[in-house]
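K.L.:
Listed in order, the protein sequences are those of chains A and B. Count along the first sequence from 1, then add 282; that gives the number in my numbering. Count along the second sequence from 1, then add 282; that gives the number in my numbering. For each residue, glycine too, the CB sits at the ideal point set by N, CA and C. One structure, pasted below without further comment.
There are 2 protein chains.
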Amino acid sequence: MLNIKGLNKVCVIGMGLLGASVTMAAMRAFPKVLIVGFSHRDSTRKKARRLNTANHIAETLEEAVRDADMVILATPVMTFKGYFRQIASFLKSGCVVTDVGSTKVCVHKWAKKNLPKDVYFVGSHPIAGSEKRGVEYARDDLLAAARCILTQTPKTNKQAVKFTKGFWTALGCRVETLTPVKHDKIYGFISHLPHITAAAIVNASNFEDMKFAGKGFIDTSRVASSPADVWTDILLTNSRNITRGIDRLARQLRALRGAVHTKNARRIAWLLEKARAKRQTLIEYKLNKRELM
Amino acid sequence: MLNIKGLNKVCVIGMGLLGASVTMAAMRAFPKVLIVGFSHRDSTRKKARRLNTANHIAETLEEAVRDADMVILATPVMTFKGYFRQIASFLKSGCVVTDVGSTKVCVHKWAKKNLPKDVYFVGSHPIAGSEKRGVEYARDDLLAAARCILTQTPKTNKQAVKFTKGFWTALGCRVETLTPVKHDKIYGFISHLPHITAAAIVNASNFEDMKFAGKGFIDTSRVASSPADVWTDILLTNSRNITRGIDRLARQLRALRGAVHTKNARRIAWLLEKARAKRQTLIEYKLNKRELM
Numbered sequence: 283m284l285n286i287k288g289l290n291k292v293c294v295i296g297m298g299l300l301g302a303s304v305t306m307a308a309m310r311a312f313p314k315v316l317i318v319g320f321s322h323r324d325s326t327r328k329k330a331r332r333l334n335t336a337n338h339i340a341e342t343l344e345e346a347v348r349d350a351d352m353v354i355l356a357t358p359v360m361t362f363k364g365y366f367r368q369i370a371s372f373l374k375s376g377c378v379v380t381d382v383g384s385t386k387v388c389v390h391k392w393a394k395k396n397l398p399k400d401v402y403f404v405g406s407h408p409i410a411g412s413e414k415r416g417v418e419y420a421r422d423d424l425l426a427a428a429r430c431i432l433t434q435t436p437k438t439n440k441q442a443v444k445f446t447k448g449f450w451t452a453l454g455c456r457v458e459t460l461t462p463v464k465h466d467k468i469y470g471f472i473s474h475l476p477h478i479t480a481a482a483i484v485n486a487s488n489f490e491d492m493k494f495a496g497k498g499f500i501d502t503s504r505v506a507s508s509p510a511d512v513w514t515d516i517l518l519t520n521s522r523n524i525t526r527g528i529d530r531l532a533r534q535l536r537a538l539r540g541a542v543h544t545k546n547a548r549r550i551a552w553l554l555e556k557a558r559a560k561r562q563t564l565i566e567y568k569l570n571k572r573e574l575m
Numbered sequence: 283m284l285n286i287k288g289l290n291k292v293c294v295i296g297m298g299l300l301g302a303s304v305t306m307a308a309m310r311a312f313p314k315v316l317i318v319g320f321s322h323r324d325s326t327r328k329k330a331r332r333l334n335t336a337n338h339i340a341e342t343l344e345e346a347v348r349d350a351d352m353v354i355l356a357t358p359v360m361t362f363k364g365y366f367r368q369i370a371s372f373l374k375s376g377c378v379v380t381d382v383g384s385t386k387v388c389v390h391k392w393a394k395k396n397l398p399k400d401v402y403f404v405g406s407h408p409i410a411g412s413e414k415r416g417v418e419y420a421r422d423d424l425l426a427a428a429r430c431i432l433t434q435t436p437k438t439n440k441q442a443v444k445f446t447k448g449f450w451t452a453l454g455c456r457v458e459t460l461t462p463v464k465h466d467k468i469y470g471f472i473s474h475l476p477h478i479t480a481a482a483i484v485n486a487s488n489f490e491d492m493k494f495a496g497k498g499f500i501d502t503s504r505v506a507s508s509p510a511d512v513w514t515d516i517l518l519t520n521s522r523n524i525t526r527g528i529d530r531l532a533r534q535l536r537a538l539r540g541a542v543h544t545k546n547a548r549r550i551a552w553l554l555e556k557a558r559a560k561r562q563t564l565i566e567y568k569l570n571k572r573e574l575m
């Protein structure tokens, strides 16, 4: 029964940069499927309609999810629990519910507690986005060649995972599967920690000094321009991994500080070269996988 | 006598990414001036010739700087003292000597001590470059629209500053002047600190986790791919400002850690929003100044 070829209606809740990019990519990938978007904001619904980001922009949550074979949450993570409760009674039996949130342990927990037993939850995290926000920045190729991490627990329905995988694959993503615990650990270190660091660097700088900044500062701090509300939710729902990450980073900063303070040229060079070589290997890996051009 | 219109010969010592970009841009800006490059490496001299990066690639330092109206050092900062000593006896009286180094206090000190009294030293720091290295990545537009900071002390010859300003302006740079002390303080915070942070983030990450990285990690860590030897010299020659910068950053990281650890949503949001708004103002400033496109 759960077959991506039988897909008739997909609903995306939240028409920001990522949500609207999903509907746009889905319209291209599934031209015969009804792709519906919803936003709780009147102004966003209007913009989403004007920009043709979905086949239909629903006025109510009920209208949005009713009869959908797949519902995708694309709002800030902390709103998911409320949405699960609100949509629970409208969902079709056998519907696959997923999301595009950046943390996964809490989402699985909320889904288990609040969604009806006859719908299937699978976690999704497409590794795509930008520091920009809003439906006006959505693009139908934002997800092309992106990784998409699916999360499943031992209780997750295997057919629903396959179905969700089929959906993201059709949108151009390279799909991989992790447990929610493993996912939050990895992304705490390699996504949430760089985010915190970018914000800390900006907060540590004088504005008058920043005017002299070159491309290095601009790139290093880019993600600090991301929406604060979206990221507050991410940090709140992955606090343990993030504080661990900050502690790891602080140790590395102390190592470099010590070498610089004592003007230990050999040790500075060793620490910088270690980072350079490691990042070089990463870039080659990403180029090989065509995740970088 | 010191007039940029009277320029006949310019010599750049060091034909890496930045040095060769300077000779290429100078050939375009001053088609009637002899632009000479030098590298102590035979292989670099050969590549620099093959790629037509200068009118002439000299075989010896003496040949390179003899009769030059302007000599520009574009090698790692710690080599400057040695080069000043080696070129001192070959320099024409009235020659302007400058550099493209990222730290300035030490360079002024070495110039004062090692250059003859009848040549003029002015510090230069074009805010351009990339994480790449080598003459093969040089581009004649690398300096276009870049800031170039000139550094001068009360003893620096004003005519020589004007001359140097004329040179970089002709290459498309927006020139500003600072004291070496002020320069090193500002760039310690907004260039050398982000560099250290990028290296620390890479060193703090497991390679297996890094494979899952998205664009945020890639951008935040970009400068960690820069040549370790060049950056070792920068960190060695600006250690006090850098350790101060690390301490400032550590305070901001502790503030964020505390808010995340206690799940204080309001405080997390406030810290992230402060960074977001500050960086947004910076981006608008840079767009206005046409330093970003």
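Which residues share a DSSP beta bridge with L538(B)?
P.N.:
In the second sequence, residue 538(B) corresponds to position 256, counting from 1. None, per the DSSP bridge assignment.
K.L.:
How about the region 518-527 of chain B and the region 463-476 of chain A: do they share at least three Cβ pairs that are nearer than 8 Å?
P.N.:
no
K.L.:
Is the beta carbon of G454(B) sitting closer than 9 Å to the one on A547(B)?
P.N.:
For the purposes of this step, residue 454(B) is taken as the residue at position 172 of the second sequence. For the purposes of this step, residue 547(B) is taken as the residue at position 265 of the second sequence. Cβ atoms of G454(B) and A547(B): not closer than 9 Å.
K.L.:
I'd like to know whether the C-beta of A410(B) is nearer than 9 Å to at least one C-beta of chain A.
P.N.:
Position 128 of the second sequence, counting from 1, holds the residue named residue 410(B). Yes - at least one Cβ of chain A is within 9 Å of the one on A410(B).
K.L.:
Using a cut-off of 7 Å between C-beta atoms, extract the partners of W620(A) located in chain B.
P.N.:
Because chain A is modelled from 283 through 575, residue 620(A) falls outside the range shown and cannot be assessed.
K.L.:
Output, in sequence order along the chain, the residues in the region 536-562 of chain A whose CB is closer than 7 Å to any CB in chain B.
P.N.:
Among the residues of the region 536-562 of chain A, those with a Cβ less than 7 Å away from any Cβ of chain B are L538, R539, V542, H543, K545, A547, I550, A551, L553, L554, E555, K556, A557, R558, K560, R561 and Q562, in the order of the chain.
K.L.:
Using a Cβ-Cβ cutoff of less than 7 Å, which residues in the same chain neighbour W392(A) once the five nearest sequence positions on both sides are dropped?
P.N.:
Residue numbering aside, residue 392(A) sits at position 110 when the first sequence is read from its first letter. Around W392(A): F362, K363 and F366.
K.L.:
At least one CB of chain A closer than 9 Å to the CB of G298(B): is that the case?
P.N.:
Here residue 298(B) refers to the residue found at position 16 of the second sequence. Output row for G298(B): interface = no.
K.L.:
Name the DSSP beta bridge partners of L355(B), please?
P.N.:
Against the second sequence, residue 355(B) aligns to sequence position 73. According to DSSP, L355(B) bridges with I295(B) and D381(B).
K.L.:
Quick one: which chain A residues come within Cβ less than 7 Å of I317(B)?
P.N.:
Position 35 of the second sequence, counting from 1, holds the residue named residue 317(B). In chain order: nothing, as chain A lies at least about 25 Å away.
K.L.:
What residues from chain A crowd round S487(B), counting only those whose CB sits closer than 7 Å?
P.N.:
Taking the second sequence and counting its residues from 1, the one referred to as residue 487(B) is at position 205. Going along chain A in sequence order, the residues near S487(B) (Cβ under 7 Å) are F471 and I472.
K.L.:
To the nearest whole angstrom, what separates the beta carbons of A350(A) and V292(A), a pair I think is in contact under 8 Å?
P.N.:
Start at 1 with the first residue of the first sequence, and residue 350(A) comes out as number 68. Start at 1 with the first residue of the first sequence, and residue 292(A) comes out as number 10. About 6 Å; that satisfies the 8 Å criterion.
K.L.:
Taking Cβ to Cβ, would you say A428(B) is nearer than 9 Å to L397(B)?
P.N.:
For this step, residue 428(B) is matched to residue 146 along the second sequence. For this step, residue 397(B) is matched to residue 115 along the second sequence. For A428(B) and L397(B), no; Cβs fall outside 9 Å.
K.L.:
Residues of chain A with a CB under 9 Å from the CB of H477(B): which are they?
P.N.:
Translated into the one-based positions of the second sequence, residue 477(B) becomes position 195. Within 9 Å Cβ-Cβ: G498, T502 and L554.
K.L.:
Reducing DSSP to helix, strand and coil, say where R572(A) ends up.
P.N.:
Taking the first residue of the first sequence as 1, we reach residue 572(A) at position 290. It is coil, neither helix nor strand.
K.L.:
Just to confirm, are P408(A) and L299(A) a CB contact at a threshold of 9 Å?
P.N.:
Taking the first sequence and counting its residues from 1, one reaches residue 408(A) at position 126. Taking the first sequence and counting its residues from 1, one reaches residue 299(A) at position 17. Their beta carbons are not under 9 Å apart, which means P408(A) does not touch L299(A) by this criterion.
K.L.:
Write down the C-beta distance between T479(A) and T479(B) rounded to the nearest angstrom, noting that I regard them as a contact closer than 8 Å.
P.N.:
Working through the first sequence from its first residue, we reach residue 479(A) at position 197. Working through the second sequence from its first residue, we reach residue 479(B) at position 197. Right, their Cβ atoms sit about 6 Å apart.
K.L.:
Between A410(A) and L424(A), which are expected to be in contact by the criterion C-beta below 8 Å, what is the C-beta distance as a whole number of angstroms?
P.N.:
In the first sequence, counting from the first residue as 1, residue 410(A) sits at position 128. In the first sequence, counting from the first residue as 1, residue 424(A) sits at position 142. About 5 Å separates the two Cβ atoms, so the contact holds.
K.L.:
Residue range of the beta strand (DSSP E) that C430(A) falls in?
P.N.:
Here residue 430(A) refers to the residue found at position 148 of the first sequence. Residues R429 to T433.
K.L.:
For I483(B) and F445(A), what's the separation of their Cα atoms in angstroms?
P.N.:
Taking the second sequence and counting its residues from 1, the one referred to as residue 483(B) is at position 201. Taking the first sequence and counting its residues from 1, the one referred to as residue 445(A) is at position 163. Rounded to whole angstroms, I483(B) to F445(A) spans 36 Å at the Cα level.
K.L.:
In whole angstroms, what is the alpha-carbon distance linking R331(A) and E418(A)?
P.N.:
For this step, residue 331(A) is matched to residue 49 along the first sequence. For this step, residue 418(A) is matched to residue 136 along the first sequence. Counting only the Cα atoms, E418(A) lies some 11 Å from R331(A).
K.L.:
Looking at the structure shown, is F494(A) part of a helix, part of a strand, or coil, going by DSSP?
P.N.:
The residue you call residue 494(A) lines up with position 212 of the first sequence. Here F494(A) sits in coil by DSSP.
K.L.:
What distance in whole Å lies between the Cβ atoms of L518(B) and K545(A), which are believed to be in contact at a cut-off of 8 Å?
P.N.:
As a first step, residue 545(A) must be located in the first sequence, where it is residue number 263. As a first step, residue 518(B) must be located in the second sequence, where it is residue number 236. Contact holds; Cβ gap of about 6 Å.
K.L.:
Under 9 Å between the Cβ atoms of A420(A) and T335(A)?
P.N.:
Walking along the first sequence from the start, residue 420(A) turns up at place 138. Walking along the first sequence from the start, residue 335(A) turns up at place 53. Taking 9 Å as the Cβ cut-off, A420(A) and T335(A) qualify as a contacting pair.
K.L.:
Is the Cβ of F362(B) closer than 9 Å to any Cβ of chain A?
P.N.:
Translated into the one-based positions of the second sequence, residue 362(B) becomes position 80. False, the Cβ-Cβ gap to chain A never drops below 9 Å.
K.L.:
Does V294(B) have its Cβ less than 9 Å from a Cβ in chain A?
P.N.:
Residue 294(B) sits at position 12 when you count from the first residue of the second sequence. Not an interface residue.
K.L.:
Hey, which unbroken runs of the beta strand (DSSP E) at 3 residues or more fall wholly within the region 297-363 of chain B?
P.N.:
Within the region 297-363 of chain B, the runs of beta strand (DSSP E) that reach at least 3 residues and sit entirely inside it are, in chain order, 316-320 and 352-355.
K.L.:
I'd like to confirm the pairing. Which residues does DSSP put opposite H407(A) in its beta bridges?
P.N.:
Your numbering for residue 407(A) matches position 125 in the first sequence. Per DSSP, I431(A).
K.L.:
Can you list, in chain order, the residues of its chain whose CB lies under 6 Å from that of K568(A), leaving out five sequence neighbours each side?
P.N.:
Position 286 of the first sequence holds residue 568(A). Closer than 6 Å at the Cβ level, and outside the excluded window around K568(A), lie L574.
K.L.:
Could you check where the beta strand (DSSP E) with V484(A) kicks off and where it finishes?
P.N.:
Against the first sequence, residue 484(A) aligns to sequence position 202. Looking at the DSSP string, V484(A) is not in any beta strand (DSSP E); the run it does join, the alpha helix (DSSP H), is L475 to A486.
K.L.:
Alpha carbons only, please: which of A426(A), V315(A), L538(A) and I500(A) is nearest the one belonging to W450(A)?
P.N.:
Taking the first sequence and counting its residues from 1, the one referred to as residue 450(A) is at position 168. Nearest option by C-alpha distance: A426(A).
K.L.:
Check whether the Cβ atoms of T502(B) and V505(A) lie closer than 9 Å to each other.
P.N.:
Indexing the second sequence from 1 puts residue 502(B) at position 220. Indexing the first sequence from 1 puts residue 505(A) at position 223. Contact: yes.
K.L.:
Buried or exposed: where does E344(A) fall if 16 or more other Cβ atoms within 10 Å of its Cβ makes it buried?
P.N.:
What you label residue 344(A) is simply residue 62 of the first sequence in a count that begins at 1. Exposed is the call here.
K.L.:
Take A346(B) as the anchor and find which of I354(B), G319(B) and T357(B) has the nearest alpha-carbon.
P.N.:
Here residue 346(B) refers to the residue found at position 64 when the second sequence is read from its first residue. Nearest of I354(B), G319(B) and T357(B) to A346(B), Cα basis: G319(B).
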